[in-house]
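Asker: Sequence lines, in order, name chains R and G. So the mapping is simple: the numbering used here equals the position in the first sequence, first residue as 1, plus 969. So the mapping is simple: the numbering used here equals the position in the second sequence, first residue as 1, plus 23. I'd like to ask some things about the structure below.
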Amino acid sequence: DAGITQSPRHKVTETGTPVTLRCHQTENHRYMYWYRQDPGHGLRLIHYSYGVKDTDKGEVSDGYSVSRSKTEDFLLTLESATSSQTSVYFCAISESPSTGDGFQPQHFGDGTRLSIL
Amino acid sequence: QQQVKQSPQSLIVQKGGISIINCAYENTAFDYFPWYQQFPGKGPALLIAIRPDVSEKKEGRFTISFNKSAKQFSLHIMDSQPGDSATYFCAASKASGTYKYIFGTGTRLKVLA
Chain R
970 DAGITQSPRH KVTETGTPVT LRCHQTENHR YMYWYRQDPG HGLRLIHYSY
1020 GVKDTDKGEV SDGYSVSRSK TEDFLLTLES ATSSQTSVYF CAISESPSTG
1070 DGFQPQHFGD GTRLSIL
Chain G
24 QQQVKQSPQS LIVQKGGISI INCAYENTAF DYFPWYQQFP GKGPALLIAI
74 RPDVSEKKEG RFTISFNKSA KQFSLHIMDS QPGDSATYFC AASKASGTYK
124 YIFGTGTRLK VLA
């Protein structure tokens, strides 16, 4: 299994509070991703990173921010949590494709279940 | 043009039967199509993946069939087992840039013993 640790694994918080989720990898992979998983929607990309301090938005980025100050850590922050952000959050990592291959798969952590009351 | 449509939403198969899950995409720039398997409480795990230069890829009991002209691909699970009961996601991506995935909405498979 890819060395990906998400913390916390479960969190319950109240509307309006800030929340930070952490993804830590031991693989030294360049790319890191944050997804949310909701019934009927599959996995949707929130933000991703293609290197230290290099991040960009995904398809559902409103209300979320990210930071990556070290290769191994990718933080997802909900500045002011809302009930619509209740979800399961997954972090994924992938390596840069090797020459002539063109692709490397994403590997996922086991998720953080976040409930916002 | 970025969507990946997955069907069926749920599937019940008898042990030993064939499970078939279908996906369709719109963006012809996609050129990498992985399938992920997810058990409750765990993250998705890569099962098998295909590039458009082949029409079929087989790994054990799992086969991807790919139809480039129809922009469709499917997962076949032969000799389905109760341990295959899980949620399956297809995805599509471009082998360039930031390698972002677009996922289907998932299929919950139950294999009856």
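We put the beta carbon where it would ideally sit given N, CA and C, even for glycine.
Which word fits R:Val988, buried or exposed, when buried means at least 16 other C-beta atoms lie within 10 angstroms of its C-beta?
Answerer: When all chains shown are included, R:Val988 counts as buried.
Asker: Using CA coordinates, which residue listed in R:Glu1041, R:Ser976, R:Val1057, R:Leu990 is at the minimum distance from R:Ser1034?
Answerer: Out of R:Glu1041, R:Ser976, R:Val1057, R:Leu990, R:Leu990 has the C-alpha closest to the C-alpha of R:Ser1034.
Asker: For the candidate residues R:Gln1073, R:Ser1030, R:Asp1007, R:Ala1050, whose alpha-carbon lies nearest to that of R:Tyr1017?
Answerer: Ranking the options by Cα distance to R:Tyr1017, first place goes to R:Ser1030.
Asker: Answer with yes or no whether the minimum CB distance from R:Ser976 to chain G is below 9 Å.
Answerer: Chain G contact via Cβ: absent.
Asker: Kindly list, in the order they appear in chain G, the residues whose Cβ is closer than 8 Å to that of R:Phe1043.
Answerer: Here the premise fails: no neighbours, minimum Cβ distance about 14 Å.
Asker: Contact between the region 96-104 of chain G and the region 36-44 of chain G is defined here as three or more beta-carbon pairs at a separation below 8 Å; is this criterion met?
Answerer: Counting Cβ pairs under 8 Å, three or more are found: they touch.
Asker: Do G:Ala68 and R:Phe1043 count as a contact pair if the criterion is CB distance below 9 Å?
Answerer: For R:Phe1043 and G:Ala68, no; Cβs fall outside 9 Å.
Asker: How about G:Ser116 and G:Tyr55: do their beta carbons lie closer than 9 Å?
Answerer: Taking 9 Å as the Cβ cut-off, G:Ser116 and G:Tyr55 qualify as a contacting pair.
Asker: Taking a cut of 7 Å between CB atoms, which residues from the region 1006-1019 of chain R lie near chain G?
Answerer: Per Cβ criterion, the list reads Gly1009, His1010, Gly1011, Leu1012, Leu1014, Tyr1017, Tyr1019.
Asker: Take G:Gln127 and list the residues in its own chain whose beta-carbon comes closer than 8 Å to its own, dropping the five residues that flank it on each side.
Answerer: Note that residue 127 of chain G is Gly in the sequence shown here, rather than Gln. Val27, Lys28, Gln29, Cys46, Phe112, Cys113, Ala114, listed in sequence order.
Asker: Please classify G:Phe62 as buried or exposed, where buried requires at least 16 neighbouring CB atoms within 10 angstroms.
Answerer: Its Cβ having fewer than 16 others within 10 Å, G:Phe62 is exposed.
Asker: Could you compute how far the alpha carbon of R:Ser1036 sits from the alpha carbon of R:Thr982?
Answerer: Cα-Cα distance, rounded: 21 Å.
Asker: Does R:Ser1063 have its Cβ less than 9 Å from a Cβ in chain G?
Answerer: Interface residue, yes.
Asker: I need the boundaries of the beta strand (DSSP E) containing R:Leu1086, first residue and last residue.
Answerer: Unbroken run through R:Leu1086: none, as it is neither H nor E.
Asker: Going by the CB atoms, is the gap between G:Gln60 and G:Ala109 shorter than 9 Å?
Answerer: Contact flag set, yes.
Asker: Nearest-angstrom Cα distance between R:Trp1003 and R:Leu1045?
Answerer: Approximately 7 Å, taken between the alpha carbons.
Asker: Would a check of beta-carbon distances place R:Ile1085 closer than 9 Å to chain G?
Answerer: No, no contact with chain G.
Asker: Leaving aside the five residues before and after R:Thr974 along the sequence, list all residues of the same chain whose C-beta is less than 6 Å from its C-beta, in chain order.
Answerer: If we look at R:Thr974 and ignore the five residues flanking it on each side, its Cβ neighbours are His993.
Asker: Return the CA-CA distance between R:Ala1061 and R:Met1001, expressed in angstroms with no decimal places.
Answerer: In a straight line, the C-alpha of R:Ala1061 is about 6 Å away from that of R:Met1001.
Asker: With burial defined as no fewer than 16 other Cβ atoms inside 10 Å of the residue's Cβ, what is the status of G:Leu132: buried or exposed?
Answerer: G:Leu132 comes out buried.
Asker: Residues bridged to G:Pro31 by DSSP?
Answerer: Per DSSP, none; premise fails for G:Pro31.
Asker: To which residues of the same chain is G:Ile73 closer than 6 Å at the C-beta, ignoring the five residues directly before and after it?
Answerer: Hits under 6 Å: Phe56, Lys80, Ile87, Phe89.
Asker: Can you tell me which of R:Ser1053, R:Glu1064, R:Glu1048 puts its alpha carbon nearest to the alpha carbon of R:Gln1075?
Answerer: With distances taken between Cα atoms, R:Gln1075 lies closest to R:Glu1064.
Asker: Using 9 Å as the limit for Cβ to Cβ distance, is G:Arg74 near chain R?
Answerer: Yes, because at least one Cβ of chain R sits closer than 9 Å to the Cβ of G:Arg74.
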